[in-house]
Each structure stands twice: as structure tokens, then as C-alpha cells.
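Trainee:
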Ligand code: TYD
Ligand code: MG
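Residue numbers (full-length UniProt numbering): 1 to 439.
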């Protein structure tokens, strides 16, 4: 056809070949039926592929840049999930306002009116940013507008509110979310635009809509916080352009989100004097050491099945550790309720907390505080051995920086040269650690 039956334009039709699905899925049958074979694709030798670092748009928000792995990659798609009210829109408005001073940027909102966004921008002190706004929920309209404005960064707030006219299902339904996202992703890749999608998280913790959304994008970030806390953690759970599990920290204030640049000790509550049942662990979030307090309370139980409550560590890990404590520490907790809490609503995602948890448990049981200004870390094996964890020296350096003077660490993590101002006790077994801490 020379003329498009839709718009009436001449010579605008282009030929597209639909990939034949069963051919791609099964190369064997494809080879047997030459009539279906496609023409050969391009192949490159691994060594000859250019690996120049991809250019990045710095967002001017360092904490976000670090979670992204150094800034936004043009043509990449980032999904930010989080509970309602956590501050996703605030973060993105602040970020995009900063970005818009260097790159043309477009913020499409389907959740709020332009007035609401403008009011918030005023509160955040970014009302003068050259940022383009649109309140729109049709993905086709958003894309047509973006095609005209050619932004280098585009935010869709949120993916659950946009819908495509191509489908008859309601906005927010699985097929709508998937189809709208697919259109946006394709456009971002074609034009080299950095695209950020906001996604709501359901109670179950998954980003509402299809899980497939997480597969379609390059980077998935979760924005989370403890209830009532003003601190917000931005965590990369998937990142094709950087390390996963990198963490950014923000504090919600009267006028928007503030970056927390030196977060290693914000969750630490220093006690005036040593208290029992408390141990300081040098944990790690992404590549950063984080000092956390683990508290334990062990109390006589009146229940046939004593309680085991773990907040901030895994319940099953606690059971495992108590079994190790009984077998290799000779400490029986069978008739006791055991409560564990990591202060500040933080979760310890690694095994370095094993040794501190048991030290806190024993400290509470015996009502004996650990030595003042002591830190611990180390994984425990089922045989009672203390195993090394990654980044031992960095952890110790961080603890020393915050004035800790005594450390009990896995033998393999002990630095050869020592750390200034810190007494380091390398241990190989649980019993050894207890000897240092409680003798
Ligand atoms: P918002 O960014 O709208 O959350 P989301 O987009 O994730 O749903 O954040 C709203 C909350 O943040 C709201 O409860 C008020 C609070 N807030 C502040 O405390 N200070 C501020 O400057 C702003 C803009 C919001
Ligand atoms: Mg919002």
C-alpha cells in the first residue's frame, strides 16, 4: 500500500518482519524446514567487542548515583518500588529538578495534578528548575509528547496509573502494566533516553503488577524504611550497570529528602555505660561498612514452647545459632524466651552478625555487659568455628574511626599490620570469642 489507511499519509509504511516464534524457540526444527529460516545474524568475537564505559548522566544526588552504579545510563530503564508515602515522588521530583538543569527532562505523573507537583516543588525549593511536567495517563500520549520534547530523562509516576489504548483492560491490571511498560522500555532503548518508572509495592512485598516488570528493566531499586523512622533506604536489588545490593541513605525532612553521606553509625545508640544484652556489629551494606547494635533479651519462659523472636535477622538463623550456642558454647536456652532486635529497624543481610548475636544472647543471660567500646563480626559454622567475612579490614577501620577500641574478629579477617588504636582479638572458635568477651 502506498497510502496509510490510518492517517492518510503517503509512503510512510515500513516493512516489519514478525519473528516467527516457534522457529526462534527451536533451532533444530528451524534447520529442518529451510522455508522458515531467517537470514543469518551478526556475530562478533568476544575480544573485539568494544567495552568503553557507558556514559552516565549524573543525577547530582550522590546517594542515588552510587546506588545506580555511577549515574543514569542513557537508554536504561530503572524501576523504583516502595510503599505508598515512602517518598518516591519526592525523591524523583528532587532528582529530576536537579537533572533538568543540565539535561532536558520530563516528569509525567498520573497520580497527582500539576498543581500538587508544583506545590511540592516549591516546598522542596526547586520550583525554578527548567523541568517539563505533564499530568497524563495515556502511554501513547506520553510517548508522542516525549517524541516531540526529546528529553534525556523521563519519569513515569507511576507505571500502575498509565494505560495503553491498545488494550481494553483497566489501568493497573497486569496486562496494562506490562504492555505500557513494554512500550516505554522499547522507546527508551530506541531513543537512548534514561527512563525511570515508579512502581507500587503490594503488601506481599512484590512490585504490584507482573513480576515480569522486574525482568523488563535494567535496574530495580527499592525505597524502604522502618515504620516511623525518618530514614529511607534505597536499595538496588538488580542492576545491569552496577553492583546489586548497593545502598543509598536519605532522611525525610520538612523540605524533602536529605542525603545521609556518612551513614555508618546513624543507627547506633551509644549507651552511657555498658549494658548487658547489647553487641555492636560491623555489618556491611553494599560496599559500605555499617555499625549496628544487636540487642538480645533472654528471659525465663512460662510457655511450653519458649518464644524465639528475631527482628532484623532471620528467624531460622536464630534457631540455628542457638543450637550452635548449646552445642559448642555449652549454653542451654531451651527454657528461655529469646528476643533479638537490630536497633534502628535495619535488617542484617549477611552472616557477619552471627557472632554478635550469640555474644548478645550470652551477655543477656549472664547479665554481663560486653567490654566497653567493643565491636564484633564473624560467621558461625555448625561446628562452632568462626568463619571469615568479606571486607574485614574495612570494617575494622570504620569501627576504629568511630572510636571503638576492641574487636573480636575471625582469625582470617585479622589485618596483618593491625589497626591504630584498636586491640584486635582474632578467634577461630566460638569458645575463644566468649573467653575474650566474658573473662
Ligand atoms: P511521596 O513522595 O508522595 O511518596 P510516594 O510517592 O512514595 O507515595 O511522599 C509523601 C510523604 O513524604 C508524605 O507523607 C509527606 C512526606 N514529605 C515530607 O515529610 N517532606 C517533604 O518535603 C515532602 C515533599 C514530603
Ligand atoms: Mg507518589
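Beta carbons: idealized from backbone N, C-alpha and C, even for Gly.
Please read these numbers as outputs of a predicted model, since none were measured by experiment.
Helix, strand or coil for residue 30? Go by DSSP, reduced to three states.
Mentor: The residue labelled residue 30 in the question sits at position 30 within the chain shown. With a pLDDT of 47 at residue 30, under the threshold of 50, the predicted position of this residue should be treated as unreliable, though the coordinate-derived value follows. In this structure, residue 30 counts as helix in the three-state DSSP scheme.
Trainee: Name the one or two DSSP bridge partners that residue 339 has.
Mentor: Numbered from its first residue, the chain shown carries residue 339 at position 339. Answer is 297, 309.
Trainee: Which term fits residue 88, buried or exposed, when burial requires 16 or more other beta carbons within 10 angstroms of its beta carbon?
Mentor: For the purposes of this step, residue 88 is identified with residue 88 of the chain shown, where counting begins at 1. Looking at its Cβ environment, which holds 16 or more other Cβ atoms inside 10 Å, residue 88 is buried.
Trainee: Between the stretch 245 to 253 and the stretch 321 to 332, do at least 3 Cβ pairs fall closer than 8 Å?
Mentor: no
Trainee: Since residue 201 and residue 159 are thought to touch, with beta carbons under 8 Å apart, how far apart are those beta carbons, to the nearest angstrom?
Mentor: One-based indexing of the chain shown puts residue 201 at position 201. One-based indexing of the chain shown puts residue 159 at position 159. That belief does not hold up - the Cβ atoms of residue 201 and residue 159 are roughly 12 Å apart, past 8 Å.
Trainee: Cα separation between residue 353 and residue 294?
Mentor: Taking the first residue of the chain shown as 1, we reach residue 353 at position 353. Taking the first residue of the chain shown as 1, we reach residue 294 at position 294. Between residue 353 and residue 294, the C-alpha separation is close to 8 Å.
Trainee: Unbroken beta strand (DSSP E) runs of length 3 or more, entirely within the stretch 236 to 308: which are they?
Mentor: The stretch 236 to 308 contains these whole beta strand (DSSP E) runs: 247 to 253, 256 to 259, 278 to 285, 288 to 300.
Trainee: In whole angstroms, give me the CA-to-CA distance for residue 30 and residue 42.
Mentor: Taking the chain shown and counting its residues from 1, one reaches residue 30 at position 30. Taking the chain shown and counting its residues from 1, one reaches residue 42 at position 42. In this prediction, residue 30 scores a pLDDT of 47, lower than 50, which makes its location untrustworthy; no coordinate-derived value is stated.
Trainee: Going by the C-beta, is residue 120 closer than 6 Å to any heavy atom of ligand 1?
Mentor: Taking the first residue of the chain shown as position 1, residue 120 is located at position 120. Look at residue 120: its beta carbon is less than 6 Å from one of the heavy atoms in ligand 1.
Trainee: Please report the straight-line C-alpha distance between residue 114 and residue 132, rounded to a whole angstrom.
Mentor: Taking the chain shown and counting its residues from 1, the one referred to as residue 114 is at position 114. Taking the chain shown and counting its residues from 1, the one referred to as residue 132 is at position 132. The straight-line gap from Cα to Cα measures roughly 11 Å.
Trainee: So residue 396 and residue 194 are supposed to be a Cβ contact under 8 Å. How far apart are they, rounded?
Mentor: The sequence position of residue 396 within the chain shown is 396, counting from 1. The sequence position of residue 194 within the chain shown is 194, counting from 1. Their Cβ separation, rounded to whole angstroms, is 38 Å, which puts residue 396 and residue 194 out of contact at 8 Å.
Trainee: In terms of alpha-carbon separation, which member of 339, 346, 6 lies closest to residue 360?
Mentor: The residue given as residue 360 occupies position 360 in the chain shown. It is 339.
Trainee: Mapping the DSSP letters down to three states, classify residue 226 as helix, strand or coil.
Mentor: Taking the chain shown and counting its residues from 1, the one referred to as residue 226 is at position 226. Correct three-state label for residue 226: coil.
Trainee: Could you name the residues of the same chain whose beta carbon sits closer than 8 Å to that of residue 266, not counting the 5 residues immediately before and after it, in chain order?
Mentor: Reading the chain shown from its first residue, position 266 is the one you call residue 266. The answer, listed in chain order, is 231, 249, 260, 344.
Trainee: List in chain order: all unbroken alpha helix (DSSP H) runs of 4+ residues lying wholly within the stretch 323 to 384.
Mentor: 354 to 366
Trainee: Just the C-alpha distance for residue 191 and residue 183, rounded to the nearest angstrom, thanks.
Mentor: For the purposes of this step, residue 191 is taken as residue 191 along the chain shown, with counting starting at 1. For the purposes of this step, residue 183 is taken as residue 183 along the chain shown, with counting starting at 1. Looking at the two C-alpha atoms, the distance is approximately 12 Å.
Trainee: May I ask you to report which of helix, strand or coil DSSP gives residue 131?
Mentor: Counted from its first residue, the chain shown places residue 131 at position 131. Coil at residue 131, not helix or strand.
Trainee: Flag this pair as yes or no: are the beta carbons of residue 429 and residue 384 separated by less than 7 Å?
Mentor: Counting from 1 along the chain shown, the entry for residue 429 is found at position 429. Counting from 1 along the chain shown, the entry for residue 384 is found at position 384. Yes, the pair counts as a contact, with Cβ atoms nearer than the cut-off.
Trainee: Quick check on the burial criterion: 16 or more other C-beta atoms within 10 angstroms. Buried or exposed for residue 84?
Mentor: The count along the chain shown starts at 1 and reaches residue 84 at position 84. Flag for residue 84 reads exposed.
Trainee: Along the alpha helix (DSSP H) that carries residue 95, what are the first and last residues, could you check?
Mentor: What you label residue 95 is simply residue 95 of the chain shown in a count that begins at 1. Where residue 95 is concerned, the enclosing alpha helix (DSSP H) stretches over 88 to 99.
Trainee: Collect the residues with a C-beta less than 6 Å away from any heavy atom of ligand 2 and give them in sequence order along the chain.
Mentor: 88, 89, 111, 157
Trainee: Can you look up residue 188 in the DSSP assignment and give me helix, strand or coil?
Mentor: Your numbering for residue 188 matches position 188 in the chain shown. Reduced to three states, the DSSP call for residue 188 is helix.
Trainee: Quick one: does the C-beta of residue 226 sit closer than 6 Å to a heavy atom of ligand 3?
Mentor: Because ligand 3 does not appear in the structure shown, any question about it cannot be addressed here, the ligands present being ligand 1 and ligand 2.
Trainee: Apart from the five residues just before and just after residue 233, which ones in its own chain have a Cβ nearer than 7 Å to its Cβ?
Mentor: Numbered from 1 along the chain shown, position 233 holds the residue referred to as residue 233. Answer for residue 233: 224, 225, 247, 249, listed in chain order.
Trainee: Give me, in chain order, the residues of the same chain whose beta-carbon lies closer than 6 Å to that of residue 3; leave out the 5 immediate sequence neighbours on both sides.
Mentor: For the purposes of this step, residue 3 is taken as the residue at position 3 of the chain shown. For residue 3, where only same-chain residues beyond five positions count, the Cβ hits under 6 Å are 10.
Trainee: Please name the residue or residues paired with residue 157 in a DSSP beta bridge.
Mentor: Here residue 157 is taken as the residue at index 157 of the chain shown, counted from 1. 109, per the DSSP bridge assignment.
Trainee: Taking the straight line between their C-alpha atoms, what separation do you get for residue 72 and residue 61?
Mentor: In the chain shown, the residue the question calls residue 72 occupies position 72. In the chain shown, the residue the question calls residue 61 occupies position 61. The straight-line gap from Cα to Cα measures roughly 11 Å.
Trainee: Where do the ends of the beta strand (DSSP E) carrying residue 78 lie?
Mentor: Translated into positions along the chain shown, residue 78 becomes position 78. From DSSP, the beta strand (DSSP E) with residue 78 extends over 77 to 82.
Trainee: Near residue 81, what residues of its chain come up, given a Cβ to Cβ distance below 6 Å and the 5 sequence neighbours on each side ignored?
Mentor: Position 81 of the chain shown holds residue 81. Answer for residue 81: 199, 201, 207, 222, listed in chain order.
Trainee: For residue 76, count neighbouring C-beta atoms within 10 Å of its own C-beta (all shown protein chains included) and say buried if the count is 16 or more, exposed if not.
Mentor: Residue 76 sits at position 76 when you count from the first residue of the chain shown. When all chains shown are included, residue 76 counts as buried.
Trainee: At a cut-off of 6 Å, is residue 172 close to ligand 1 when judged by its beta-carbon and the heavy atoms of the ligand?
Mentor: As a first step, residue 172 must be located in the chain shown, where it is residue number 172. For ligand 1, not one heavy atom lies less than 6 Å from the Cβ of residue 172.
Trainee: Report the residue from 125, 143, 157 whose alpha carbon sits nearest the alpha carbon of residue 110.
Mentor: Residue numbering aside, residue 110 sits at position 110 when the chain shown is read from its first letter. Closest option to residue 110, Cα to Cα, is 157.
Trainee: Quick check on residue 336: buried or exposed, where buried means 16 or more other Cβ atoms within 10 Å of its Cβ?
Mentor: Walking along the chain shown from the start, residue 336 turns up at place 336. Residue 336 is buried by the Cβ-count criterion.
Trainee: Helix, strand or coil for residue 436, going by three-state DSSP, please let me know.
Mentor: Position 436 of the chain shown, counted from the first residue, corresponds to residue 436. Note: residue 436 maps to helix in three-state DSSP.
Trainee: Can you look up residue 43 in the DSSP assignment and give me helix, strand or coil?
Mentor: Start at 1 with the first residue of the chain shown, and residue 43 comes out as number 43. In this structure, residue 43 counts as coil in the three-state DSSP scheme.
Trainee: Where does residue 428 sit, in a helix, a strand or coil, going by DSSP?
Mentor: Locating residue 428 in the chain shown gives position 428, where the first residue counts as 1. Here residue 428 sits in coil by DSSP.
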